[in-house]
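Residue numbers (this note's numbering): 5 to 286.
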């Protein structure tokens, strides 16, 4: 095969043609046709490299995604380790006696990791406090879900006190939370994990006819606040055991005051006015 034959084959593949048969078929007469010729040759030669480049780029993208997922997983593990170590130390020593360096050392990370994930000691404490209250709420909700509405309400309220009197929980939730965190933050967390369970138990008891219909939300907040203060009373008492017994009896009496009473006889010619149904859901 001559060079001209090769050029004709390559050019024809790109839609180009050599000079007509009547013209001299020499390299010098190819003219403008040389540009597509060399372009086509370059395209053929570079095809394997373009394929390799695209595969290499795809490989780099996959590696980047894998690396990102790995870093995120490591970050989550570091965050959990810091919360766990902080919870142990805050529960053992209290907030003031625990340093960021000690938390980081127990978690096996650097001090900078605390600032990276939480911004500071107070934010780390808030994370710990919320975790503690969430666990207390999970314990209490199991009691509030008892099939007997009265047993659910009374036993749930009693457990709500006992769960917060655990040594580590008491130190975090009762001793330190209100001094370290703002009122708004403490109120938000207590409402989220405290009053919610009580509200559900009260709603069931009302609909089951166990207690009188009442405005639900304020009643739940009042009861949750009373139980919270009862925890402080027992924790600060000289005789915590006696104080706990006193509080336990008072909680039952308080709840008994909400129980449904037998309907009084309605005088002839008058109608009883039941509590509006909408009040049960407020």
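Beta carbons are placed, not taken as given, at the ideal position from N, Cα and C, and that holds for glycine. All values derive from a computational prediction rather than experimental measurement.
Return the residue from the list the options that minimises the CA-CA distance to residue i.
| i | options | result |
| --- | --- | --- |
| residue 120 | 101, 217 and 80 | 80 |
| residue 160 | 137, 202 and 233 | 202 |
| residue 189 | 223, 218, 131 and 139 | 131 |
| residue 261 | 218, 92 and 102 | 218 |
| residue 199 | 251, 138, 108 and 150 | 138 |
| residue 86 | 249, 109 and 95 | 109 |
| residue 234 | 224, 95 and 247 | 247 |
| residue 205 | 253, 224 and 197 | 224 |
| residue 116 | 99, 83 and 195 | 83 |
| residue 174 | 133, 149 and 150 | 133 |
| residue 196 | 209, 222, 207 and 141 | 141 |
| residue 207 | 193, 104 and 222 | 222 |
Excluding the 5 residues flanking residue i on each side, which residues of the same chain have their C-beta closer than 6 Å to its C-beta?
| i | result |
| --- | --- |
| residue 263 | 215 |
| residue 145 | 201 |
| residue 209 | 153, 157 and 215 |
| residue 122 | 128 |
| residue 89 | 107, 110 and 111 |
Starting from residue i, follow the alpha helix (DSSP H) in both directions and report where the run begins and ends.
| i | result |
| --- | --- |
| residue 147 | 125-148 |
| residue 116 | 115-122 |
| residue 244 | 244-260 |
| residue 208 | 200-211 |
| residue 182 | 181-184 |
| residue 233 | 220-240 |
| residue 215 | Per DSSP, residue 215 belongs to no alpha helix (DSSP H) and is neither H nor E. |
| residue 160 | 153-168 |
| residue 110 | 104-111 |
Keeping to the same chain, check which residues put their C-beta closer than 8 Å to that of residue i; ignore five residues upstream and five downstream.
| i | result |
| --- | --- |
| residue 158 | 255, 256 and 259 |
| residue 171 | 95 |
| residue 251 | 165, 234, 237 and 238 |
| residue 304 | This structure gives no information on residue 304, because the portion of the chain shown stretches from 5 to 286. |
| residue 194 | 137, 228 and 232 |
For residue i, which residues from the same chain have a beta carbon less than 7 Å from its beta carbon, with the 5 sequence-adjacent residues on both sides left out?
| i | result |
| --- | --- |
| residue 178 | 168, 235, 236 and 239 |
| residue 99 | 129, 180 and 184 |
| residue 104 | 115, 118 and 125 |
| residue 106 | 93 |
So what's residue i in DSSP terms, helix, strand or just coil?
| i | result |
| --- | --- |
| residue 193 | helix |
*the region 118-138 contacting the region 182-191, beta-carbon criterion three pairs below 8 Å*: yes
*Sufficient close CB pairs (3 or more, under 8 Å) joining the region 226-245 to the region 148-156*: No, the region 226-245 is not in contact with the region 148-156.
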